[in-house]
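Participant:
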Amino acid sequence: MPDMISVTIKLFAQYREGKFKIDKRFYAKDSTISDVLEDIGLDLGKFPIGVLMVNGRHVEEDFVLQDEQMLAIFPKVGGG
Amino acid sequence: MADKVYRVNMSNLSYKIEEVPANWMGLGGRGLTSTVIAEEVDPECHPLGPNNKMVFAPGLLSGTTAANSGRNSLGTKSPLTGGIKESNVGGTMAGIMAKLGVKALIIEGIPEDDSTFYHLHVTKDKVLIEAVPELVGKDNFFVLDAMEEKYNKKVAVMTIGRPGEMKMLISNISVRDPKGKLRSHGRGGVGAVMGSKKIKCITVDAENYKEVTYADSVKFKEASKVFTKALQENPISGEGLPAFGTNVLVNIINEAGGLPSHNFRTGNSENAEAICGETMAENIKERGGSTTHGCHAGCVIQCSQTYNDEEGNYLTSGFEYEMIWAFGANFGISNLDQIAKIDALMDDLGVDAIETGVTFGVAADTDLIDFGDGAEAYRILKEEVANGTPIGRIIGGAAGNLGKLYGLVRVPVVKNQSIPAYEPRAIKGQGITYVTTPMGADHTAGYAVATNILNSGGHIDPLQKEGQVALSRNLQIASAAVDSTGMCIFVAFPALDDPKCLPALIDMINARFGINLSADDVTNLGVNILKTEHEFNLKAGLTSADDRIPEFMKYETLPPTNAIWDFTNEEIDEFWNF
C-alpha cells in the first residue's frame, strides 16, 4: 500500500467508552488528524478535543500525519 | 458579631480572643497567614522552636454558600524548607471556623512541660486546652473516633499521627472531611510544627455557629449562580474531574514525557496504564465505591473518590494523582490496589504523599529498598516510620536528608522539598514554578502544567524556555490571590478559559463584605502576598542560589524527550522583577 500510512491511535478518558484504548489504522497519504477524528467518530459535541499529541508533541487538528506516527487524543482533562 | 483572632500561647497554656487589626481586615486564607507570619515570626527562628507560630485562617469566602469555598490555609515557617509555608486543605474546618467568627487561629510558644500532648477545643467564647495522654502514640483515625465520641459527628478536627508527634519532616496535619475521612495540610513538614508545640489535635465547635452574613445577599446569590455555572459547564471541572479524578493526569503527562519515573530517570512509565485514572474508574465501577466525593461541603466538582478492593471492601478515599504517581511511576509499584493500601496507611499516620513517595524513590537508589517493592514500603511505614526506629527516622527525614545521608546526587528537591509529579525538564513552565515559589518545589503554587500540557489558558510549548517565566509568574500571582479566597485550586480551570468565572468570584467577595474590589485589586493582592513571602525567605537566609533545580537535571537528558534543564540563573532570577 504505497499511498497509505499506518498510524497508531491512542484514546483516553471518555473517548475510550465504546471505542478502544489503542489501535493501528491505515490512512491515505497526507491525511490530517481531522480525517482520523472523522474516521473514529468520537462524540466531540459532548466531549470536545482537549489535547492532541503526535509522538508526544502537541499538535493541531490540521497536522498532516506521517507513516508510523503515534497519535494520542485527549478530551479536556485536568487535575493536580 | 465581628470576626475575632483567637490566639493560643502554648508556653503558659493560655488564650486570648482579640479584635482583628485594621490591616488584616480585608485578608483571608493565604493572604492572612503569610501576613501574620511575616509580621510576627522572626525569619531566623528555628521552625521547631518556641518562636515559630502556626496560623490557621479560612478563606474570604469560606463559610458562605459559594461553591468550592471550603479551603483552609495554614501558615508557618517550614522545618523542611527553612522558609515560609502556606498549606491549604479541604475538609470541614474552614467553613466551621468562618461561621464561628474565627478570622484566624494563631498558636505560639511551646509548653515547658513536654511530657504530654494537648488538645485544643475552640468555641465561640473560649479555647479549652487540656492534656490528652490517652491520645499520645495514637494515629489519626483513632483521634477522629475519640473526638466524634466526645462531641458529635459534625465537630471539625485537625490531628497529627505518630510521625507528627516525632516531628518528622514528612508529617502532615490531617483534617476531617464531610464523610469522616481525611484531607491533609500537606508539604513542608507542617505536622512536625504542630508536634513541636505538643498539640495532638484541634477541634472547633460545630454546634453553636451562626451562618455568615452578607452585605448584599441578593448580589451574592446572583454572582454565586454565575460562578457555580462556570464550574459546572467547564469540561474539566464539570466533566473530567468528577468522572476520573485527578488521576486522569497519569496518561497525558506520561504521553508528554513529563511523568517522573524511576526516581526521575525517565519521563514515562511502563506502569502508566495499570495505575491511570481510566483504570481506577473501571475498578471503581466494577467493585462499587464512588468516583465522586467532595473534600468539603459545597464542592460541586467532586474530584475525590472512594476506592474499594476486589472484594468490594473499602480501601481508601482521596486517592489522588500525586500519590499514585509517587508510588506507581516514581517508586515503581504496578498494582493500584497496593498503592491504595499504602495511601490508607499514610492517611492514618498523617504523612505527605509527595514527600514520602519521593523519599521512597530516592531510597530505592540505596540498599534500603528495591524499586516497586510495595510490600516492603508498607512495612517500613507501618513498623519503622510509625514507631520511629532509626530506619523510620531516615525515611521520615524526607528525600533531601536521605540523599545527604547516603551521598546521593540524584535527589529531586528544591529548597529541600520534593519535586512533585511533573518533570521540570519536560514541563519547563512548571519547573520555573518549582524553583521560584517561596514554598519549595510545589506544583500548586503556579500550575503551569495547565498551559504547557492541558491547553488551558492557551498553549506554551513545554519543551521551550520562551514565555515560561512570565507564565509561571502570572499563575503564581493568581494562585496566591485564589488561595486567599478559600477557593479550591481547580477553580483555575474555568478561570483560565471562561471570562465569566473570575468576575463572579470577585463579585461574591464584594457582596459578602460590602466592598468594591476590582480585578486589579485582586492581582495586587497576589503580588503583595508573593513579595511578602519572598521577603520572609530572604530574611530567613535563603538566596537566589536556592531558586535552582537539582544539578543532575542540568547535565542528564530525560528520555523520551531528551529534554534538559537549560535556564540560566539570570533567566530564573528575572522572575522576581515585578
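These protein sequence lines are chains D and X, in that order. Per this note's numbering, the first sequence runs over residues 1 to 80. Per this note's numbering, the second sequence runs over residues 81 to 658. Think of the CB as a built atom: it goes at the ideal place given N, C-alpha and C, for glycine as much as any other residue. Just so we're clear, the structure is a prediction, and the values are computed from it rather than from any experiment.
With H, G and I counted as helix, E and B as strand and the rest as coil, what does DSSP make of PRO75/D?
Facilitator: Strand, per DSSP.
Participant: Are the CB atoms of THR239/X and LYS301/X nearer to each other than 9 Å?
Facilitator: Contact flag unset, no.
Participant: Taking only beta-carbon positions, decide if MET53/D is within less than 9 Å of chain X.
Facilitator: Chain X contact via Cβ: present.
Participant: Would you report the Cα separation of ARG151/X and ASP205/X, rounded to the nearest angstrom?
Facilitator: Whole-angstrom Cα-Cα distance: 24 Å.
Participant: For the region 94 to 152 of chain X, list the alpha helix (DSSP H) runs that are entirely contained and at least 4 residues long, ordered along the chain.
Facilitator: Segments of the alpha helix (DSSP H) lying fully in the region 94 to 152 of chain X: 109 to 120.
Participant: What does DSSP give as the partner residue(s) for LYS157/X in the beta ladder?
Facilitator: Answer by DSSP bridge pairing, in chain order: ILE164/X.
Participant: Please tell me whether GLU335/X has its Cβ less than 9 Å away from any Cβ of chain D.
Facilitator: It does; some Cβ of chain D falls within 9 Å.
Participant: So what does DSSP say about VAL59/D, is it helix, strand or coil?
Facilitator: Coil, per DSSP.
Participant: Tell me which residues of the region 28 to 50 of chain D have at least one Cβ-Cβ distance to chain X shorter than 8 Å, keeping chain order.
Facilitator: So the close ones are PHE47, PRO48, GLY50.
Participant: Flag this pair as yes or no: are the beta carbons of ILE586/X and VAL607/X separated by less than 9 Å?
Facilitator: No, they are not a contact pair.
Participant: By the 7 Å beta-carbon criterion, what residues does the region 389 to 403 of chain X contribute toward chain D?
Facilitator: Within the region 389 to 403 of chain X, the qualifying residues are TYR401.
Participant: Could you give the residue range of the alpha helix (DSSP H) that holds ASP428/X?
Facilitator: Per DSSP, ASP428/X belongs to the alpha helix (DSSP H) from 416 to 429.
Participant: Ignore the nearest five residues each way along the sequence and tell me which others in PHE63/D's own chain have a CB closer than 8 Å to its CB.
Facilitator: So the list reads THR32, ILE33, LEU52, VAL54, once near-sequence residues are dropped.
Participant: Just the C-alpha distance for ILE595/X and ILE589/X, rounded to the nearest angstrom, thanks.
Facilitator: Roughly 8 Å between the two C-alpha positions.
Participant: Cβ closer than 8 Å: which chain X residues qualify as neighbours of LEU64/D?
Facilitator: One point to set straight first is that residue 64/D is Val, not Leu, in the sequence displayed. Those within 8 Å of VAL64/D in chain X number zero; the least Cβ separation is about 19 Å.
Participant: So if DSSP puts ILE187/X in a beta bridge, which residue, or which two residues, is it bridged to?
Facilitator: VAL88/X, MET134/X, per the DSSP bridge assignment.
Participant: Would you kindly check if the distance between the Cβ of ALA530/X and the Cβ of ARG110/X is under 9 Å?
Facilitator: No, these two residues do not count as a Cβ contact at 9 Å.
Participant: Can you tell me which of LYS484/X, ILE474/X, GLU390/X, THR524/X puts its alpha carbon nearest to the alpha carbon of GLY509/X?
Facilitator: Closest by alpha carbon: THR524/X.
Participant: Residues of chain D with a CB under 8 Å from the CB of ALA323/X: which are they?
Facilitator: Near ALA323/X (Cβ distances below 8 Å), the residues of chain D are ALA13, GLN14.
Participant: Using CA atoms only, rank isn't needed, just tell me which of GLY271/X, ARG87/X, GLY452/X, SER341/X is closest to LYS157/X.
Facilitator: Out of GLY271/X, ARG87/X, GLY452/X, SER341/X, GLY271/X has the C-alpha closest to the C-alpha of LYS157/X.
Participant: Helix, strand or coil: which one does DSSP assign to ALA211/X?
Facilitator: Looking at ALA211/X - three-state DSSP - the assignment turns out to be strand.
Participant: LYS180/X and ASP296/X: beta carbons closer than 9 Å?
Facilitator: First, the amino acid is wrong: residue 180/X is Leu here, not Lys. Contact flag unset, no.
Participant: Below 8 Å, how does it come out for the region 193 to 207 of chain X and the region 318 to 326 of chain X: are there three or more Cβ pairs, yes or no?
Facilitator: No, the region 193 to 207 of chain X does not touch the region 318 to 326 of chain X.
Participant: List in chain order: all unbroken beta strand (DSSP E) runs of 3+ residues lying wholly within the region 540 to 606 of chain X.
Facilitator: Counting only runs of 3 or more, we get nothing.
Participant: Excluding the 5 residues preceding and the 5 following THR359/X in the sequence, name in chain order all residues of the same chain whose CB lies nearer than 8 Å to its CB.
Facilitator: Here the set comprises GLU353, LEU416.
Participant: Hey, would you say PRO159/X sits closer than 9 Å to LEU249/X, going by beta carbons?
Facilitator: In this structure, LEU249/X lies closer than 9 Å to PRO159/X by Cβ.
Participant: With burial defined as no fewer than 16 other Cβ atoms inside 10 Å of the residue's Cβ, what is the status of PRO340/X: buried or exposed?
Facilitator: So PRO340/X counts as buried.
Participant: Anything in the region 638 to 649 of chain X with a Cβ closer than 9 Å to a Cβ of chain D? List those residues in chain order, please.
Facilitator: Taking 9 Å as the Cβ-Cβ cut-off against chain D, the residues of the region 638 to 649 of chain X that qualify are PRO640, THR641.
Participant: To the nearest whole angstrom, what separates the beta carbons of PHE136/X and ALA178/X, a pair I think is in contact under 8 Å?
Facilitator: Not a contact, Cβ separation roughly 11 Å.
Participant: Looking at the structure shown, is LEU224/X part of a helix, part of a strand, or coil, going by DSSP?
Facilitator: Helix at LEU224/X.
Participant: Chain D beta carbons: is any one of them nearer than 9 Å to that of GLU319/X?
Facilitator: It does; some Cβ of chain D falls within 9 Å.
Participant: Since GLY357/X is in the alpha helix (DSSP H), which residue starts that stretch and which ends it?
Facilitator: Residues 357 to 367.
Participant: Less than 9 Å between CB atoms is the rule here; does PHE20/D satisfy it with respect to chain X?
Facilitator: Not one chain X Cβ lies under 9 Å of PHE20/D.
Participant: Taking the beta carbon of GLU61/D as the centre, do at least 16 other beta carbons fall within 10 Å, making it buried, or is it exposed?
Facilitator: GLU61/D is exposed by the Cβ-count criterion.
Participant: Please decide whether VAL77/D counts as near chain X, where near means a Cβ-Cβ distance under 9 Å.
Facilitator: Yes, VAL77/D counts as interfacial toward chain X.
Participant: With respect to the alpha helix (DSSP H) encompassing MET53/D, which residues constitute its N-terminal and C-terminal limits?
Facilitator: Note, MET53/D: premise wrong, no alpha helix (DSSP H); beta strand (DSSP E) at 49 to 54.
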